[in-house]
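Enquirer: Let me begin by handing over the structure; questions about it come next.
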Amino acid sequence: MTTDAATPTTVPTDSPATPMPDDVVLQVDHLVVEFRSGRQRVQAVTDISFTVKKGETLGLVGESGCGKTTTGRALVQVQRATSGTVRFNGQDLTKLSGKALRETRTKMQMIFQDPISSLNPRRRIRDIVSEPLAIWGIGSRAEREERVRSMLDSVGIDPDTAGDRRPQEFSGGQCQRISIARALMANPSLLICDEPVSALDVSVQAQILNLLADLKEEFGLTMVFIAHDLAVVKNVSDRVAVMYLGKLVEVTGSDELYRSPAHPYTEALMASIPEPDPEHQSAHKALTGELPSPLNPPSGCRFRTRCPYAQPRCTDEEPPLREIAPGHQVACHFPLIKTPVSMASSPA
Amino acid sequence: MSDRHAGAVMEKTLEFPDVTDFADPLLVVKDLHTSFRTGRGTVHAVDGVSLSVNRGTTLGVVGESGSGKTVLARSIMGLLPSRDVIRSGSVQFTGHEMTTLAPAQLRQVWGAQMSMIFQDPMTALNPVVRIGHQITDSLRLHLDMDRKEANTTAVELLRSVGIPSPEERIRWYPFQLSGGMRQRVMIAIALACAPRLVLADEPTTGLDVSVQAQILDLLQAMQRERHMAVILVTHDLGVVAKRADEIAVMYAGRIVERAPTRTLFAHTRMPYTRALMNSIPRLADPSGTRLLAIGGRPPDLIHPPQGCRFAPRCPYVQDKCRELEPPLRTAASSDHVFACWFPLVDGAPGVPTDVGTAPVPELDPETPPS
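The structure is reproduced here in structure tokens:
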């Protein structure tokens, strides 16, 4: 895509060989993931680029089927990219395989949506959590045990009573805590959370979100947080990338996104959030319809079929992701921000 | 439209005359108890719940997992396992005592007078039966329609719940539909025979926020059109905030606070209700705002704690709370009840600043959203 080369910190340039600034942990350039569907090919992720800085949390938000999970999986190379690069601490993961890839992956861990099915039901909690150490032969048996105890303690699970039990004896929230403990055992620097709270009650969701914030502080983590609920994503993220049908439509700081959403899709997503306040009146109309099929995406702007502001130009011409204010990128011909100059003064 | 269905009538056929007095409550639940015998002991899932629902209104039932809200809905419906269940109390529905009905009589009620929308549309729909057939089933049974008539009605129903090209989709199987579409089919099935009461048990929990808003709007529109009563069961106060006329908050098998929606939000008395409100991340809060999570978990319903059941997790707990169980008592307005020894007063810690003082908008709660 055509991007502005004058702003190298947030916008990757066309050249895949751009050196990564020191504080960038993850740099994704022109990532494309294709699946085969019968004789057709479907692009789940279409040419997306973003960076994540050290210690930052990037939120990736969008509806089911927009490709956010595929993106998360492509970051850790569980799903191989069709083209594009994923560079982690300067190393292009798409070129790695075998042992080198497995070794790198210890530094980037993933937490999944369904906490119960992501734990082996037949194994004890103690063994599940110490597995990463066992695989890499880190520490003696006693050292591993000690580390499991302290990690379970960090995530709020009592190691004495829980260690010998199995996943089915725990609630969804507790299983998610155990998954988080397992993910942190190998001392990762990057944590990719794929809808970690959407299967949980709001009360448990709040506990897990607070826990993730604490652990991020304690272990100095960088995070990619994938979810469909913009309120949740905004709470945990420093920056938010909004995804629609395989493409990024808006990337900016999370408070900025709330203050002045520039893409009509972002605005509609916000209006869909159920506010716990009977007096609250959303200024915007919630989304209608469903995501079009990625097998046959709409021409021009992919959101135009559901966009309340669509114009003829949106059908003919695809809007590139461009910067409208420092650190605020949007892919729309008619962004909703009327005065980008005044926005420039607010910190991204 | 006669409700009498063809075939042998094994039990006395129930009569559901058209009602003219709409002030008469549709459903009255009195001191309902449902317990399950398990290997570990008796689980008191619903432990003395009383409520009533008027015709055409929505009652929101809110609580965490394990608060007994799903069992309450199933107890009202009479959808409980036949073994290892202990139940008492009364469920009066249009004057009929549901708890003593024979299975054959219950089948006359289910679908026709009272129906349920389940949380997981994939497991609630039969995966090997075309969706059209799953809708026409109840039409043919309860409304005595022939195949052709039932098919036409099913197409209309699918169209009314927002499924595009319903003539074609009627021949589809559930796996061919997205989660949101499946939930629309579930709603079409539940509404097929124009029931008077719909119990929606977490109808949008597995869905995206954008689809959730659409499904809830749809349910609300259908409700107004058909003047149905709805019991909307959810863990998220945000879901019922603008859709329920009245909200009952459940905790550990009991109702701990019940009030008209506006009153509940503006004059919350029970600390648990406030805690549920506070645990929801708000879009207006700056990023990184620490959520006021409720520590701990709901109590074990085999051995519920003595005194107030929320006491172990309550930030304002006093000695009295641990010893004596607070009864449900009436607040300033008579339709607001709560169970707490030391209720919150307006402006108590944790009250969002603008809720109590916000001007009452001219919007009538009965008006559908535009």
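So the protein lines, in turn, are chains A and B.
Everything in the first sequence is counted per this note's numbering, starting at 14 for the first residue and increasing by one.
Everything in the second sequence is counted per this note's numbering, starting at 744 for the first residue and increasing by one.
Where is the CB? At the ideal position from N, CA and C, for every residue including glycine.
In this text the structure is predicted, and so the values were computed from the model without any measurement.
Between Ile1037(B) and chain A, is there a C-beta pair that is closer than 9 Å?
Expert: Judged by the 9 Å Cβ criterion, Ile1037(B) is in contact with chain A.
Enquirer: Show which residues of chain B have a CB atom less than 7 Å away from the CB atom of Ile350(A).
Expert: Within chain B, no residue comes near Ile350(A); the closest Cβ sits about 18 Å away, beyond 7 Å.
Enquirer: Rounded to a whole number of angstroms, what is the C-alpha to C-alpha distance between Arg783(B) and Ile1045(B)?
Expert: Straight-line Cα distance between these residues: approximately 8 Å.
Enquirer: Just checking: is the beta-carbon of Gln926(B) within a distance shorter than 9 Å of some beta-carbon in chain A?
Expert: Closer than 9 Å: no.
Enquirer: CA-CA distance, Ala937(B) and Gln851(B)?
Expert: Those two C-alpha atoms are separated by around 13 Å.
Enquirer: Rounded to the nearest angstrom, what separates Met123(A) and Ile193(A) at their Cα positions?
Expert: The alpha-carbon atoms of Met123(A) and Ile193(A) are separated by roughly 9 Å.
Enquirer: Since Gly923(B) meets chain A, which of its residues come closer than 8 Å, beta carbon to beta carbon?
Expert: Within chain A, the residues near Gly923(B) are Glu303.
Enquirer: Please classify Arg93(A) as buried or exposed, where buried requires at least 16 other C-beta atoms within 10 Å of its C-beta.
Expert: The residue in question, Arg93(A), is exposed, as its Cβ has fewer than 16 Cβ neighbours within 10 Å.
Enquirer: Closer than 7 Å by beta-carbon distance: list the chain B residues that pair up with Leu243(A), in chain order.
Expert: Under the 7 Å cutoff, chain B gives Leu1026.
Enquirer: Could you tell me the boundaries of the alpha helix (DSSP H) in which Tyr994(B) lies?
Expert: Segment Glu989 to Tyr994 is the beta strand (DSSP E) holding Tyr994(B); no alpha helix (DSSP H) there.
Enquirer: Note down the Cα distance separating Thr159(A) from Phe63(A), rounded to an integer number of angstroms.
Expert: A quick correction: the sequence has Glu, not Thr, at residue 159(A). Their Cα atoms are separated by approximately 38 Å.
Enquirer: Determine whether the beta carbon atoms of Leu962(B) and Leu769(B) lie at a separation below 9 Å.
Expert: No; because the gap between Cβ atoms is not below 9 Å, this pair is not in contact.
Enquirer: Taking 9 Å as the threshold (beta carbon to beta carbon), is Ala226(A) in contact with chain B?
Expert: Chain B contact via Cβ: present.
Enquirer: For Phe347(A), does the three-state DSSP call read helix, strand or coil?
Expert: Three-state DSSP puts Phe347(A) in coil, outside helix and strand.
Enquirer: Starting from Val217(A), trace the alpha helix (DSSP H) both ways and give me its first and last residue.
Expert: Its alpha helix (DSSP H) spans residues Val215 to Phe232.
Enquirer: May I ask you to list, following chain order, the residues of the segment 956–969 of chain B that have a beta carbon less than 9 Å from some beta carbon of chain A?
Expert: Residues passing the 9 Å Cβ filter: Ala956, Gln957, Leu959 and Asp960.
Enquirer: Could you name the residues of chain B that Ala299(A) contacts, counting a contact when the two beta carbons are closer than 8 Å?
Expert: Near Ala299(A) (Cβ distances below 8 Å), the residues of chain B are Ser953, Ala956, Gln957 and Asp960.
Enquirer: Using a Cβ-Cβ cut-off of 9 Å, state whether His341(A) counts as contacting chain B.
Expert: False, the Cβ-Cβ gap to chain B never drops below 9 Å.
Enquirer: Out of Gly85(A), Gln324(A), Met121(A) and Cys327(A), point me to the one whose CA is closest to Leu204(A)'s CA.
Expert: The candidate whose alpha carbon is nearest that of Leu204(A) is Met121(A).
Enquirer: Name the residue from Glu76(A), Asp60(A), Val55(A) and Thr235(A) whose alpha carbon lies nearest to the alpha carbon of Glu303(A).
Expert: Nearest of Glu76(A), Asp60(A), Val55(A) and Thr235(A) to Glu303(A), Cα basis: Glu76(A).
Enquirer: Under 9 Å between C-beta atoms, does Met356(A) make it to chain B?
Expert: Reliability of the predicted coordinates at Met356(A) is poor, the pLDDT of 39 falling under 50, and no value is obtained from them.
Enquirer: My understanding is that Ile974(B) touches Ala788(B), with C-beta atoms under 8 Å, so please give their C-beta distance in whole angstroms.
Expert: Going by Cβ atoms, the distance from Ile974(B) to Ala788(B) rounds to 16 Å, so no, they are not a contact pair.
Enquirer: Taking the alpha carbon of Thr843(B) as the reference point, which residue from Gly821(B), Ala987(B) and Pro864(B) has its own alpha carbon closest?
Expert: Comparing Cα positions, the closest option is Gly821(B).
Enquirer: Closest to Arg115(A) by C-alpha separation, out of Pro333(A), Ser273(A), Ser163(A) and Pro201(A), would be which residue?
Expert: Checked all of Pro333(A), Ser273(A), Ser163(A) and Pro201(A); the closest Cα to Arg115(A) is Pro201(A).
Enquirer: Answer with buried or exposed for Gly1038(B), where buried requires no fewer than 16 other C-beta atoms within 10 angstroms of its C-beta.
Expert: Exposed: under 16 other Cβ atoms inside 10 Å.
Enquirer: Report the option in Leu39(A), Lys67(A), Asn133(A) and Ile129(A) whose CA atom is closest to the CA atom of Ala87(A).
Expert: Closest by alpha carbon: Leu39(A).
Enquirer: Report buried or exposed for Asn894(B), applying the criterion of at least 16 other Cβ atoms within 10 angstroms of its Cβ.
Expert: When all chains shown are included, Asn894(B) counts as buried.
Enquirer: If we cut at 9 Å on Cβ distances, does Glu182(A) have a partner in chain B?
Expert: Taking Cβ atoms only, chain B never reaches closer than 9 Å to Glu182(A), which makes this a no.
Enquirer: Express the C-alpha separation of His297(A) and Ala943(B) in angstroms, rounding to a whole number.
Expert: Rounded to whole angstroms, Ala943(B) to His297(A) spans 27 Å at the Cα level.
Enquirer: When the Cβ atoms of the segment 824–832 of chain B are set against those of the segment 996–1012 of chain B, are three or more pairs found closer than 8 Å?
Expert: With the cut-off at 8 Å, the segment 824–832 of chain B and the segment 996–1012 of chain B do not touch.
Enquirer: Cα separation between Asp1107(B) and Tyr1059(B)?
Expert: For Asp1107(B), the predicted model reports a pLDDT of 38, less than 50, meaning its position is unreliable and no value from the coordinates is stated.
Enquirer: Can you look up Ser903(B) in the DSSP assignment and give me helix, strand or coil?
Expert: Of the three classes helix, strand and coil, the one that applies to Ser903(B) here is helix, per DSSP.
Enquirer: According to DSSP, is Glu336(A) part of a helix, a strand, or is it coil?
Expert: Note: Glu336(A) maps to strand in three-state DSSP.
Enquirer: Would you verify that the beta carbon of Ile286(A) is, or is not, closer than 9 Å to some beta carbon of chain B?
Expert: By this cut-off, Ile286(A) is an interface position.
Enquirer: Output needed for Phe347(A): all residues of its chain with C-beta closer than 7 Å, excluding positions within five of it in sequence on either side, in chain order.
Expert: If we look at Phe347(A) and ignore the five residues flanking it on each side, its Cβ neighbours are Tyr322 and Gln324.
Enquirer: So what's Trp149(A) in DSSP terms, helix, strand or just coil?
Expert: Helix.
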